[in-house]
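Heads up: the structure comes next, in C-alpha cells.
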Amino acid sequence: MLSNFTVIGRSLCVVHNQTCLGVRSVFTTFSAPVWNGKSHVWTAVLQKKDADDAYQEKTPIVLVHGFGGGLAMWCKNFDALAANRTTYAIDLLGFGRSGRPTFSVDPTMAELEWVRSLEQWRKEMKLDKMILLGHSLGGYLCSSYALEFPEAVRHVILVDPWGFPLKPPETERHFNYNVPLWVKSLAHFLSLFNPLWTLRAAGPWGPTLIRRVRPDLGRKFFSDPVKQQSLFDYVYHCNALPPSGEVAFSTISVPFGWAKRPMISRIEKIREDIPLTFIYGSRSWVDCGPGYTTKYQLRPYSYVRVEIIRGAGHHVYADQSEAFNDLINEICDDVDKGLDVEEVKVY
Numbered sequence: 009m010l011s012n013f014t015v016i017g018r019s020l021c022v023v024h025n026q027t028c029l030g031v032r033s034v035f036t037t038f039s040a041p042v043w044n045g046k047s048h049v050w051t052a053v054l055q056k057k058d059a060d061d062a063y064q065e066k067t068p069i070v071l072v073h074g075f076g077g078g079l080a081m082w083c084k085n086f087d088a089l090a091a092n093r094t095t096y097a098i099d100l101l102g103f104g105r106s107g108r109p110t111f112s113v114d115p116t117m118a119e120l121e122w123v124r125s126l127e128q129w130r131k132e133m134k135l136d137k138m139i140l141l142g143h144s145l146g147g148y149l150c151s152s153y154a155l156e157f158p159e160a161v162r163h164v165i166l167v168d169p170w171g172f173p174l175k176p177p178e179t180e181r182h183f184n185y186n187v188p189l190w191v192k193s194l195a196h197f198l199s200l201f202n203p204l205w206t207l208r209a210a211g212p213w214g215p216t217l218i219r220r221v222r223p224d225l226g227r228k229f230f231s232d233p234v235k236q237q238s239l240f241d242y243v244y245h246c247n248a249l250p251p252s253g254e255v256a257f258s259t260i261s262v263p264f265g266w267a268k269r270p271m272i273s274r275i276e277k278i279r280e281d282i283p284l285t286f287i288y289g290s291r292s293w294v295d296c297g298p299g300y301t302t303k304y305q306l307r308p309y310s311y312v313r314v315e316i317i318r319g320a321g322h323h324v325y326a327d328q329s330e331a332f333n334d335l336i337n338e339i340c341d342d343v344d345k346g347l348d349v350e351e352v353k354v355y
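The numbering of the sequence shown is my numbering, which starts it at 9 and goes up by one.
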C-alpha cells in the first residue's frame, strides 16, 4: 500500500504540471542532489527554442520562491524571462518537490544549511556566475548566499524581501497592551505549531481552505476558475508533506514574522562590487525602507537600485506580471552590457 506521503508526492507532480500548462519555453525538470546526496533540489530549466550561442553565453537567472511556495509560482514569468536567457527555478529545500531534511535548530546553522544547499546545487548545475532573484524568504536567502559565496553572484534581485528590518522595540509593548486577550491567547497557541499546520490538518479539504481564506491568490495568476483551482491544489500539495522548510523558517524567525538575524544588519558586508536591486509592490505589507537605507546609507559606493511596481502587492511577480517581467529583463540586459557596475566606487 502506498504511504500517504507517496500519494501526496504524486499528486504534487500532477498539479505542478497543471499549473505550468501553457508555458511555451523548452521546459525541463529534474532533481539535483545536495547534502552529499542525502537530499535533492527540484529544478526547472527553461530556454527558448532554437537558442543560439549568444543566448547560451548570457548569464543565467535563478528564481527562488518564498515561504510556502514552489517553482510553479513563477508560471507567469517563465516565458518572458526565458525568451532572453536560460532561466532556472528551484523548489527550496524543505518545500515543494525538494527533499525534506531535518535542519539544525540553531538559527545561524539552519540559514547556512539552506545557503549551502544552493551552492551545492549551483555546482551540480555547473554554473559559473548567476543572476539571483529571490522573493520574500527567497530574497533573504539570496542575500545570505551573496554573503557566503560572492564569487558565484553577478547580480542579486530582491523582490519584496522578507527578514530585512530590525524588530522595533515597541512592537511587543504595543502588542501586549492594545490587543484583546483572546487574540494574544490565540497567537500564543498558534506559535506552538508550524505555520502551515492547519493546511495539513485540513487534509483533502486543504485546497478548499486556501480558496476560502485567500480567494485573491487564484485571481493573481489565472482568470480561468479551473486554472485557479489548479493553483490552490498546487499550494496545498506543496505544503502537505513533512514541514521541513516550515520548521527551518520557525528556527530563523521570531513570532509575527521578524528574522532573528535581520539582513539589514549584514547587507553592507556583501562584497561591494556585487550589484543589488530591490523591487517592492506599492500595495505590499513589506516595508521598502530597508531598500532605501541600503542604497543611501549602507552601500553608498555600490550599485543599488530600488524600484516600486505600482498596483502590486506582496506577490509582485503575479500581481503586475508584465511590468515585473519587463523590469527584470531590463535589469538583466544591463547586466549583459555591464551597466550595473558603473556606479561602483572603490576607495
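Glycine included, C-beta positions come from ideal geometry on N, C-alpha and C.
Next on the checklist: For Y288 and A320, I'd like the C-alpha separation in whole angstroms.
Outcome noted: The straight-line gap from Cα to Cα measures roughly 8 Å.
Next on the checklist: Measuring CB atoms only, is the segment 318–332 touching the segment 72–86, in the sense that at least three cross pairs come out at less than 8 Å?
Outcome noted: By the criterion of at least three beta-carbon pairs nearer than 8 Å, the segment 318–332 is in contact with the segment 72–86.
Checklist entry - Unbroken alpha helix (DSSP H) runs of length 4 or more, entirely within the segment 245–304: which are they? => result Unbroken alpha helix (DSSP H) stretches of 4 residues or longer found wholly inside the segment 245–304: 252–260 and 297–301, given in chain order.
Item to check | chain D within 8 Å of R313, Cβ atoms only | outcome: In the structure shown, chain D cannot be found, because there is only a single protein chain.
Checklist entry - P109 to S47, Cα distance in whole Å? => result Put simply, the backbone Cα of P109 is about 7 Å away from that of S47.
Next on the checklist: Along the chain, where does the alpha helix (DSSP H) containing M117 start, and where does it finish?
Outcome noted: Here the alpha helix (DSSP H) through M117 covers P115 to M133.
Next on the checklist: Quick test of the definition: if touching needs 3 or more C-beta pairs under 8 Å, does the segment 34–44 touch the segment 65–73?
Outcome noted: The segment 34–44 vs the segment 65–73: no contact.
Checklist entry - So F111 and V255 are in contact, right, with Cβ under 8 Å, and what is the actual spacing, rounded? => result At roughly 6 Å, the Cβ-Cβ gap stays under 8 Å, so F111 and V255 are in contact.
Checklist entry - Closest by CA to D114, which one among L166, K268 and Y311? => result Nearest to D114 by alpha-carbon distance, out of L166, K268 and Y311, is K268.
Item to check | Outcome for T95 when other beta-carbon atoms lying within 10 angstroms are tallied against a minimum of 16 | outcome: Around the CB of T95, 16 or more other CB atoms lie within 10 Å, so the residue is classed as buried.
Checklist entry - Measuring CB to CB, does I282 end up less than 8 Å from A154? => result Yes; because the gap between Cβ atoms is below 8 Å, this pair is in contact.
Next on the checklist: Please report the straight-line C-alpha distance between P308 and G346, rounded to a whole angstrom.
Outcome noted: Rounded to whole angstroms, the separation of the alpha carbons of G346 and P308 is 19 Å.
Next on the checklist: Considering only DSSP beta bridges, list what L140 is partnered with.
Outcome noted: DSSP, once it has assigned bridges, lists V70 and V164 as partnering L140.
Next on the checklist: Contact defined as beta carbons within less than 8 Å: I believe T67 pairs with M138. What is the distance between those atoms, to the nearest angstrom?
Outcome noted: Confirmed, about 7 Å.
Next on the checklist: Within a Cβ cutoff of 8 Å, which residues of the same chain sit near V324, ignoring the five residues on either side of it in sequence?
Outcome noted: If we look at V324 and ignore the five residues flanking it on each side, its Cβ neighbours are H143, V167, D168, I287, Y288, G289, S292, I317 and F332.
Checklist entry - In its own chain, which residues sit with a C-beta less than 7 Å from the C-beta of K277, not counting the 5 before and 5 after it? => result For K277, the CB contacts under 7 Å within the same chain, skipping 5 residues up- and downstream, are L155 in chain order.
Checklist entry - Taking the continuous beta strand (DSSP E) assigned at Q328, which residues delimit it? => result Segment: none, Q328 is in no beta strand (DSSP E) and carries neither H nor E.
Checklist entry - With C-beta atoms as the reference, is C150 less than 8 Å away from L135? => result L135 is positioned such that its CB atom lies no closer than 8 Å to that of C150.
Next on the checklist: Counting C-beta neighbours from all protein chains within 10 Å, is the total for V42 16 or more, i.e. buried, or is it exposed?
Outcome noted: With 16 or more Cβ atoms within 10 Å of its Cβ, V42 is classed as buried.
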